Amino acid sequence: MKVVHVTPVYAPAWQYGGPVRSTHLLARALAAKGHEITVLTTTIGTPQAGALDVLSRTLDGVHVLYCPGRVTGLGIVSPRLTATAESLAAGAHAFHLTGVWQPSIIGVQRLLAKRKTPYVVSTRGALSPYSFQQSRWKKLPYYYLFEQKILRGAAALHATAPIECAELKRLRLGVPIFTAPNICDALPWFDDAAGRKAWRQSHAIATDECVIMHVGRIHPKKNLHFLVESAAALSSQRAWRVVLVGPVAERDEPYLSQLQATLPPQRLTVIRGTGDGDALRAAYSSADVFVLPSFAENFGNAVVEALLCNTPVVLSPHVGVGSLVEPLGGTTILPLSQHLWVAELEQRLKLSPEQRVDARARSQIAELFSAESIAAQFEQLYASCTTARHTAAIG
418 MKVVHVTPVY APAWQYGGPV RSTHLLARAL AAKGHEITVL TTTIGTPQAG ALDVLSRTLD
478 GVHVLYCPGR VTGLGIVSPR LTATAESLAA GAHAFHLTGV WQPSIIGVQR LLAKRKTPYV
538 VSTRGALSPY SFQQSRWKKL PYYYLFEQKI LRGAAALHAT APIECAELKR LRLGVPIFTA
598 PNICDALPWF DDAAGRKAWR QSHAIATDEC VIMHVGRIHP KKNLHFLVES AAALSSQRAW
658 RVVLVGPVAE RDEPYLSQLQ ATLPPQRLTV IRGTGDGDAL RAAYSSADVF VLPSFAENFG
718 NAVVEALLCN TPVVLSPHVG VGSLVEPLGG TTILPLSQHL WVAELEQRLK LSPEQRVDAR
778 ARSQIAELFS AESIAAQFEQ LYASCTTARH TAAIG
(Lines of atoms letter the chains of each structure in order from A; the text may use other names.)
(Lines give C-alpha, C1' and ligand atoms only; values in the text may rest on other atoms or scores of the structure.)
Protein backbone atom coordinates (compact mmCIF):
# COMPACT_ATOMS: atom_id res chain seq x y z
CA MET A 418 0.00 0.00 0.00
CA LYS A 419 1.25 3.51 -0.86
CA VAL A 420 0.56 6.09 1.84
CA VAL A 421 1.79 9.69 1.98
CA HIS A 422 2.11 11.33 5.39
CA VAL A 423 2.00 15.14 5.26
CA THR A 424 3.18 17.15 8.24
CA PRO A 425 4.72 20.65 8.46
CA VAL A 426 7.60 19.49 10.68
CA TYR A 427 9.29 16.11 10.92
CA ALA A 428 12.36 14.32 12.19
CA PRO A 429 14.97 15.42 13.06
CA ALA A 430 13.00 18.50 14.22
CA TRP A 431 12.45 16.83 17.62
CA GLN A 432 12.14 20.21 19.34
CA TYR A 433 8.58 20.43 18.00
CA GLY A 434 7.47 17.80 20.48
CA GLY A 435 5.48 14.60 20.59
CA PRO A 436 3.71 14.78 17.20
CA VAL A 437 7.04 14.67 15.35
CA ARG A 438 8.16 11.55 17.19
CA SER A 439 4.73 9.90 16.98
CA THR A 440 4.44 10.50 13.23
CA HIS A 441 7.94 9.15 12.64
CA LEU A 442 7.39 6.00 14.71
CA LEU A 443 4.17 5.24 12.83
CA ALA A 444 5.77 5.84 9.42
CA ARG A 445 8.74 3.67 10.39
CA ALA A 446 6.50 0.84 11.63
CA LEU A 447 4.41 0.85 8.45
CA ALA A 448 7.53 0.88 6.26
CA ALA A 449 8.90 -2.07 8.24
CA LYS A 450 5.74 -4.01 7.35
CA GLY A 451 6.48 -3.54 3.65
CA HIS A 452 4.30 -0.55 2.82
CA GLU A 453 5.57 2.24 0.59
CA ILE A 454 5.55 5.20 2.96
CA THR A 455 6.53 8.72 1.93
CA VAL A 456 6.63 11.61 4.37
CA LEU A 457 6.11 15.05 2.85
CA THR A 458 7.26 17.85 5.12
CA THR A 459 9.34 21.04 5.30
CA THR A 460 12.94 21.69 6.28
CA ILE A 461 11.86 23.86 9.23
CA GLY A 462 13.59 22.83 12.44
CA THR A 463 16.13 20.64 10.63
CA PRO A 464 19.80 21.28 9.77
CA GLN A 465 18.65 21.81 6.16
CA ALA A 466 16.40 24.75 7.06
CA GLY A 467 16.83 27.47 4.44
CA ALA A 468 17.41 25.06 1.55
CA LEU A 469 15.76 26.26 -1.67
CA ASP A 470 15.14 22.88 -3.27
CA VAL A 471 13.13 19.81 -2.28
CA LEU A 472 15.49 17.41 -0.52
CA SER A 473 15.05 13.64 -0.62
CA ARG A 474 16.26 11.54 2.31
CA THR A 475 15.72 8.05 3.72
CA LEU A 476 15.25 7.94 7.49
CA ASP A 477 14.79 4.56 9.22
CA GLY A 478 13.47 3.06 6.00
CA VAL A 479 11.06 5.94 5.37
CA HIS A 480 11.33 8.07 2.23
CA VAL A 481 11.16 11.73 3.31
CA LEU A 482 10.78 14.78 1.06
CA TYR A 483 11.77 18.05 2.75
CA CYS A 484 10.31 21.14 1.05
CA PRO A 485 11.33 24.77 1.59
CA GLY A 486 8.99 26.49 4.05
CA ARG A 487 8.73 29.55 6.24
CA VAL A 488 7.09 30.42 9.53
CA THR A 489 4.45 33.17 9.50
CA GLY A 490 2.14 34.63 12.11
CA LEU A 491 -0.45 32.01 11.16
CA GLY A 492 1.91 29.04 11.02
CA ILE A 493 4.06 27.27 8.45
CA VAL A 494 3.53 27.92 4.74
CA SER A 495 5.12 26.01 1.86
CA PRO A 496 3.91 26.33 -1.75
CA ARG A 497 6.43 23.65 -2.76
CA LEU A 498 4.83 21.21 -0.35
CA THR A 499 1.47 21.52 -2.14
CA ALA A 500 3.10 21.19 -5.55
CA THR A 501 5.00 18.09 -4.45
CA ALA A 502 1.83 16.58 -2.99
CA GLU A 503 0.24 16.83 -6.43
CA SER A 504 3.02 14.76 -7.95
CA LEU A 505 2.59 12.09 -5.25
CA ALA A 506 -1.21 11.92 -5.26
CA ALA A 507 -1.57 10.00 -8.52
CA GLY A 508 0.01 6.82 -7.17
CA ALA A 509 -1.10 7.01 -3.54
CA HIS A 510 -3.81 4.87 -1.97
CA ALA A 511 -4.29 7.37 0.87
CA PHE A 512 -2.84 10.46 2.52
CA HIS A 513 -2.42 11.02 6.25
CA LEU A 514 -2.38 14.68 7.36
CA THR A 515 -0.92 15.88 10.67
CA GLY A 516 -0.98 19.64 11.11
CA VAL A 517 -4.08 21.30 12.54
CA TRP A 518 -3.84 25.13 12.49
CA GLN A 519 -1.17 24.96 9.79
CA PRO A 520 -1.72 26.82 6.47
CA SER A 521 0.65 24.42 4.70
CA ILE A 522 -2.09 21.77 4.90
CA ILE A 523 -4.81 23.89 3.22
CA GLY A 524 -3.51 23.55 -0.34
CA VAL A 525 -2.87 19.82 0.11
CA GLN A 526 -6.45 19.22 1.28
CA ARG A 527 -7.89 21.15 -1.67
CA LEU A 528 -5.79 19.06 -4.03
CA LEU A 529 -6.92 15.80 -2.43
CA ALA A 530 -10.58 16.84 -2.45
CA LYS A 531 -10.34 17.69 -6.15
CA ARG A 532 -8.74 14.33 -6.94
CA LYS A 533 -11.07 12.45 -4.56
CA THR A 534 -8.04 10.94 -2.83
CA PRO A 535 -8.98 9.72 0.67
CA TYR A 536 -7.13 11.18 3.62
CA VAL A 537 -6.96 10.72 7.38
CA VAL A 538 -6.36 13.61 9.79
CA SER A 539 -4.49 13.15 13.09
CA THR A 540 -5.51 16.08 15.29
CA ARG A 541 -2.90 15.42 18.04
CA GLY A 542 -4.82 17.33 20.71
CA ALA A 543 -4.95 20.55 18.69
CA LEU A 544 -8.76 20.68 18.87
CA SER A 545 -9.11 20.34 22.64
CA PRO A 546 -11.07 23.01 24.55
CA TYR A 547 -7.75 24.17 26.02
CA SER A 548 -6.31 24.66 22.53
CA PHE A 549 -9.33 26.66 21.38
CA GLN A 550 -8.86 28.97 24.38
CA GLN A 551 -5.33 29.87 23.29
CA SER A 552 -5.28 32.75 20.76
CA ARG A 553 -9.04 32.33 20.45
CA TRP A 554 -9.38 35.53 18.42
CA LYS A 555 -7.23 33.93 15.72
CA LYS A 556 -8.30 30.29 15.93
CA LEU A 557 -12.07 30.66 15.71
CA PRO A 558 -12.06 32.46 12.33
CA TYR A 559 -9.38 30.09 11.04
CA TYR A 560 -11.41 27.09 12.14
CA TYR A 561 -14.58 28.17 10.37
CA LEU A 562 -12.77 29.41 7.26
CA PHE A 563 -10.34 26.52 6.77
CA GLU A 564 -9.95 23.85 9.43
CA GLN A 565 -13.55 22.70 9.61
CA LYS A 566 -13.59 22.02 5.86
CA ILE A 567 -10.36 20.02 6.08
CA LEU A 568 -11.78 17.90 8.89
CA ARG A 569 -15.17 17.33 7.26
CA GLY A 570 -13.52 16.20 4.05
CA ALA A 571 -11.51 13.46 5.77
CA ALA A 572 -12.26 9.76 5.40
CA ALA A 573 -11.53 9.47 9.13
CA LEU A 574 -10.18 11.47 12.05
CA HIS A 575 -7.52 9.88 14.23
CA ALA A 576 -7.69 10.34 18.01
CA THR A 577 -4.94 8.95 20.23
CA ALA A 578 -7.09 8.28 23.32
CA PRO A 579 -10.73 8.28 24.51
CA ILE A 580 -10.40 11.87 25.79
CA GLU A 581 -9.50 13.16 22.34
CA CYS A 582 -12.21 11.04 20.73
CA ALA A 583 -14.81 12.69 22.99
CA GLU A 584 -13.44 16.15 22.12
CA LEU A 585 -13.79 15.43 18.41
CA LYS A 586 -17.32 14.09 18.83
CA ARG A 587 -18.35 17.37 20.45
CA LEU A 588 -17.44 19.19 17.23
CA ARG A 589 -20.12 17.21 15.33
CA LEU A 590 -18.13 16.97 12.14
CA GLY A 591 -19.97 13.96 10.76
CA VAL A 592 -16.74 12.05 10.11
CA PRO A 593 -15.80 8.59 11.50
CA ILE A 594 -13.37 8.79 14.42
CA PHE A 595 -10.66 6.15 14.69
CA THR A 596 -8.91 5.79 18.05
CA ALA A 597 -5.42 4.30 18.26
CA PRO A 598 -2.62 5.18 20.68
CA ASN A 599 0.86 6.38 19.83
CA ILE A 600 3.60 3.82 19.35
CA CYS A 601 6.12 3.51 22.15
CA ASP A 602 8.92 1.07 21.43
CA ALA A 603 9.68 -0.73 24.70
CA LEU A 604 13.24 -1.71 23.75
CA PRO A 605 15.00 1.54 24.82
CA TRP A 606 12.97 1.85 28.04
CA PHE A 607 13.74 -0.34 31.05
CA ASP A 608 14.66 0.03 34.71
CA ASP A 609 18.32 1.02 34.34
CA ALA A 610 19.99 0.46 37.73
CA ALA A 611 23.47 1.44 36.54
CA GLY A 612 22.10 4.51 34.77
CA ARG A 613 20.15 5.48 37.90
CA LYS A 614 23.26 5.43 40.06
CA ALA A 615 25.31 7.47 37.57
CA TRP A 616 22.48 9.95 36.92
CA ARG A 617 21.92 10.66 40.60
CA GLN A 618 25.64 11.09 41.19
CA SER A 619 25.96 13.51 38.26
CA HIS A 620 23.16 15.70 39.66
CA ALA A 621 24.29 15.43 43.31
CA ILE A 622 21.13 13.59 44.38
CA ALA A 623 21.50 11.11 47.23
CA THR A 624 20.34 7.52 46.74
CA ASP A 625 17.70 7.87 49.48
CA GLU A 626 16.35 11.23 48.26
CA CYS A 627 12.86 11.05 46.75
CA VAL A 628 12.77 12.38 43.19
CA ILE A 629 9.44 13.74 41.91
CA MET A 630 10.00 14.05 38.17
CA HIS A 631 8.32 15.69 35.21
CA VAL A 632 9.62 15.12 31.67
CA GLY A 633 8.39 17.30 28.83
CA ARG A 634 8.15 20.90 27.72
CA ILE A 635 8.35 23.39 30.57
CA HIS A 636 5.18 25.24 29.61
CA PRO A 637 2.09 26.62 31.42
CA LYS A 638 -0.09 23.95 29.76
CA LYS A 639 1.73 21.32 31.81
CA ASN A 640 0.45 22.99 35.02
CA LEU A 641 3.86 22.81 36.65
CA HIS A 642 3.06 25.73 38.96
CA PHE A 643 0.43 23.46 40.53
CA LEU A 644 3.10 20.78 40.97
CA VAL A 645 5.67 23.00 42.67
CA GLU A 646 3.02 24.63 44.88
CA SER A 647 1.85 21.17 45.95
CA ALA A 648 5.43 20.14 46.64
CA ALA A 649 6.00 23.30 48.68
CA ALA A 650 3.23 22.14 51.03
CA LEU A 651 4.88 18.79 51.80
CA SER A 652 5.63 18.21 55.48
CA SER A 653 7.59 14.96 55.24
CA GLN A 654 11.00 14.81 56.89
CA ARG A 655 12.43 12.65 54.11
CA ALA A 656 14.71 14.45 51.66
CA TRP A 657 12.98 15.13 48.34
CA ARG A 658 13.21 17.31 45.29
CA VAL A 659 11.23 18.11 42.16
CA VAL A 660 13.15 17.52 38.93
CA LEU A 661 11.92 19.10 35.69
CA VAL A 662 13.47 17.67 32.52
CA GLY A 663 12.66 19.26 29.18
CA PRO A 664 13.09 22.10 26.71
CA VAL A 665 12.23 25.69 27.58
CA ALA A 666 11.15 28.04 24.80
CA GLU A 667 12.33 31.63 25.08
CA ARG A 668 8.78 32.86 25.63
CA ASP A 669 8.43 30.45 28.58
CA GLU A 670 11.51 31.66 30.47
CA PRO A 671 9.38 33.93 32.74
CA TYR A 672 7.22 30.93 33.61
CA LEU A 673 10.30 28.92 34.58
CA SER A 674 11.48 31.82 36.74
CA GLN A 675 8.15 31.72 38.59
CA LEU A 676 8.58 28.01 39.23
CA GLN A 677 12.11 28.53 40.53
CA ALA A 678 10.89 31.26 42.88
CA THR A 679 8.42 28.84 44.49
CA LEU A 680 10.94 26.27 45.74
CA PRO A 681 14.48 26.70 47.10
CA PRO A 682 17.33 25.43 44.86
CA GLN A 683 17.83 22.28 46.94
CA ARG A 684 14.18 21.36 46.28
CA LEU A 685 14.02 22.05 42.53
CA THR A 686 16.37 20.89 39.79
CA VAL A 687 15.82 21.97 36.18
CA ILE A 688 17.50 20.02 33.38
CA ARG A 689 17.07 21.76 30.05
CA GLY A 690 16.46 19.42 27.15
CA THR A 691 16.02 15.67 27.42
CA GLY A 692 19.40 14.47 26.16
CA ASP A 693 19.79 11.25 24.22
CA GLY A 694 17.83 8.06 24.85
CA ASP A 695 20.32 6.68 27.37
CA ALA A 696 20.25 9.88 29.43
CA LEU A 697 16.46 10.01 29.43
CA ARG A 698 16.16 6.34 30.41
CA ALA A 699 18.54 6.99 33.31
CA ALA A 700 16.41 9.97 34.36
CA TYR A 701 13.16 7.98 34.33
CA SER A 702 14.86 5.17 36.25
CA SER A 703 16.11 7.66 38.85
CA ALA A 704 12.63 8.99 39.63
CA ASP A 705 10.60 7.66 42.54
CA VAL A 706 7.47 8.98 40.86
CA PHE A 707 6.70 10.60 37.49
CA VAL A 708 4.07 13.36 37.55
CA LEU A 709 2.00 15.05 34.86
CA PRO A 710 -0.66 17.46 36.21
CA SER A 711 -1.36 18.84 32.73
CA PHE A 712 -4.41 20.93 31.83
CA ALA A 713 -4.64 19.17 28.45
CA GLU A 714 -2.62 16.25 27.07
CA ASN A 715 -4.10 14.35 24.16
CA PHE A 716 -1.80 11.39 24.87
CA GLY A 717 1.39 11.70 26.94
CA ASN A 718 4.29 9.69 25.49
CA ALA A 719 6.46 10.34 28.53
CA VAL A 720 3.94 8.54 30.75
CA VAL A 721 4.41 5.30 28.81
CA GLU A 722 8.20 5.70 28.77
CA ALA A 723 8.26 6.19 32.55
CA LEU A 724 6.09 3.12 33.16
CA LEU A 725 8.32 1.02 30.90
CA CYS A 726 11.21 2.11 33.15
CA ASN A 727 9.15 0.69 36.05
CA THR A 728 8.52 4.17 37.48
CA PRO A 729 5.02 4.75 38.93
CA VAL A 730 3.11 7.77 37.61
CA VAL A 731 0.59 10.29 38.98
CA LEU A 732 -1.54 12.10 36.41
CA SER A 733 -4.32 14.63 36.11
CA PRO A 734 -7.60 13.40 34.54
CA HIS A 735 -6.75 15.46 31.44
CA VAL A 736 -3.91 13.16 30.29
CA GLY A 737 -5.24 11.01 27.45
CA VAL A 738 -3.10 7.93 28.00
CA GLY A 739 -4.18 7.72 31.64
CA SER A 740 -7.36 5.75 31.00
CA LEU A 741 -5.39 3.25 28.89
CA VAL A 742 -2.68 2.50 31.45
CA GLU A 743 -4.51 2.88 34.77
CA PRO A 744 -6.08 -0.63 34.66
CA LEU A 745 -2.63 -2.18 34.19
CA GLY A 746 -1.13 -0.88 37.44
CA GLY A 747 1.45 1.72 38.42
CA THR A 748 -0.81 4.67 37.54
CA THR A 749 -2.74 7.01 39.83
CA ILE A 750 -5.14 9.58 38.36
CA LEU A 751 -6.07 12.48 40.63
CA PRO A 752 -8.31 15.54 40.17
CA LEU A 753 -6.42 18.83 40.23
CA SER A 754 -6.97 19.43 43.92
CA GLN A 755 -3.87 20.50 45.82
CA HIS A 756 -5.09 18.71 48.94
CA LEU A 757 -5.24 15.39 47.05
CA TRP A 758 -1.89 15.85 45.33
CA VAL A 759 -0.11 16.80 48.56
CA ALA A 760 -1.57 13.72 50.27
CA GLU A 761 -0.49 11.49 47.37
CA LEU A 762 3.05 12.89 47.31
CA GLU A 763 3.29 12.53 51.10
CA GLN A 764 2.36 8.87 50.68
CA ARG A 765 5.01 8.45 47.98
CA LEU A 766 7.64 9.84 50.34
CA LYS A 767 6.85 7.05 52.80
CA LEU A 768 7.35 4.29 50.25
CA SER A 769 10.58 2.39 49.73
CA PRO A 770 12.49 3.31 46.53
CA GLU A 771 12.26 -0.39 45.63
CA GLN A 772 8.47 -0.17 45.19
CA ARG A 773 8.16 0.16 41.42
CA VAL A 774 5.95 -1.01 38.56
CA ASP A 775 5.91 -4.81 38.44
CA ALA A 776 7.13 -6.89 35.50
CA ARG A 777 3.64 -8.11 34.53
CA ALA A 778 2.29 -4.57 34.19
CA ARG A 779 5.34 -3.53 32.18
CA SER A 780 4.86 -6.45 29.79
CA GLN A 781 1.21 -5.52 29.20
CA ILE A 782 2.11 -1.88 28.59
CA ALA A 783 4.83 -2.87 26.12
CA GLU A 784 2.34 -4.95 24.12
CA LEU A 785 -0.40 -2.30 24.19
CA PHE A 786 1.84 0.35 22.60
CA SER A 787 3.96 -1.89 20.37
CA ALA A 788 4.75 -0.86 16.80
CA GLU A 789 3.41 -4.15 15.43
CA SER A 790 0.05 -3.80 17.15
CA ILE A 791 -0.58 -0.16 16.26
CA ALA A 792 0.72 -0.38 12.69
CA ALA A 793 -1.77 -3.23 12.12
CA GLN A 794 -4.61 -0.95 13.24
CA PHE A 795 -3.55 1.72 10.75
CA GLU A 796 -3.24 -0.85 7.98
CA GLN A 797 -6.91 -1.64 8.50
CA LEU A 798 -7.80 2.07 8.57
CA TYR A 799 -6.03 2.86 5.29
CA ALA A 800 -7.51 -0.24 3.66
CA SER A 801 -11.02 0.83 4.68
CA CYS A 802 -10.41 4.30 3.20
CA THR A 803 -9.28 2.75 -0.08
CA THR A 804 -12.25 0.36 -0.15
CA ALA A 805 -14.70 3.21 0.47
CA ARG A 806 -13.11 5.21 -2.35
CA HIS A 807 -13.32 2.26 -4.75
CA THR A 808 -16.96 1.58 -3.83
CA ALA A 809 -17.87 5.23 -4.34
CA ALA A 810 -16.15 5.22 -7.74
CA ILE A 811 -18.12 2.16 -8.85
CA GLY A 812 -21.38 3.63 -7.58
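For the sequence shown, the working numbering gives the first residue as 418, with consecutive numbering after it. Don't be surprised by glycine CBs; every beta carbon is placed ideally from N, CA and C. Because the structure is a prediction, the values reported are computed rather than measured.
Runs of alpha helix (DSSP H) with 4 or more residues, each lying fully within the stretch 493-581, are found at 496-506, 521-532, 546-550, 553-559, 565-569, listed in chain order. For the pair of segments examined, the stretch 703-719 was found to touch the stretch 729-740: the number of CB pairs separated by less than 8 Å reaches three. Here DSSP, grouped into helix, strand and coil, assigns residue 616 to helix. For residue 480, the enclosing beta strand (DSSP E) has its first and last residue at 479-484. If you ignore the 5 residues before and after residue 617, its C-beta comes within less than 6 Å of the C-beta of 703, all in its own chain and listed in chain order. With fewer than 16 other beta carbons inside 10 angstroms of its own, residue 477 counts as exposed. In the three-state scheme derived from DSSP, where H, G and I count as helix and E and B as strand, residue 790 is classed as helix.
In this structure, residue 721 places its C-beta atom within 8 Å of the C-beta atom of residue 601. Take residue 623, set aside five residues on each side of it, and the residues of its chain with a beta-carbon closer than 8 Å to its own are 617, 656, in chain order. Here the stretch 512-519 lies against the stretch 422-441, with 3 or more beta-carbon pairs under 8 Å apart. 460 is the residue among 419, 448, 420, 460 whose C-alpha sits nearest the C-alpha of residue 431.
Only residues of its own chain outside the window of five on either side were considered, and among them 724, 729, 774, 778 have a CB closer than 6 Å to the CB of residue 747, listed in chain order. Residue 714 sits in a strand when the DSSP states are folded into three classes. In this model, residue 534 and residue 675 are separated by some 49 Å (Cα to Cα). Secondary structure in the stretch 728-771: the beta strand (DSSP E) runs of 3 residues or longer, each lying completely within the stretch, are 730-732, 748-750 in chain order. The C-beta distance from residue 549 to residue 640 rounds to 18 Å, too long to meet the 8 Å contact threshold. About 19 Å separates the Cβ atoms of residue 488 and residue 514, ruling out a contact at the 8 Å cut-off. Within its own chain, no residue has a Cβ closer than 6 Å to the Cβ of residue 696 once the five positions on either side in sequence are excluded. In this structure, DSSP gives residue 488 an extended state, which the three-state scheme calls strand.
Non-local C-beta neighbours of residue 734 in its own chain, meaning closer than 7 Å and more than five positions away in sequence, comprise 750, 752, ordered along the chain. At the C-beta level, residue 547 and residue 638 come within 8 Å of one another.
CA-CA distance, residue 708 to residue 595, rounds to 28 Å.
Cα atoms of residue 466 and residue 570: separation of roughly 31 Å, rounded to the nearest angstrom. For residue 653, no beta strand (DSSP E) encloses it, and the DSSP letter there is neither H nor E. In this structure, DSSP gives residue 588 a state outside helix and strand, which the three-state scheme calls coil.
For residue 626, the secondary structure class from DSSP, reduced to helix, strand or coil, is coil.
A direct Cα-to-Cα measurement between residue 421 and residue 680 gives close to 48 Å. For residue 680, the three-state secondary structure derived from DSSP is coil. A direct Cα-to-Cα measurement between residue 451 and residue 630 gives close to 39 Å. C-alpha of residue 642 to C-alpha of residue 761: approximately 17 Å in a straight line.
If you draw a 10 Å sphere on the C-beta of residue 554, you find fewer than 16 other C-beta atoms in it, and that means exposed.
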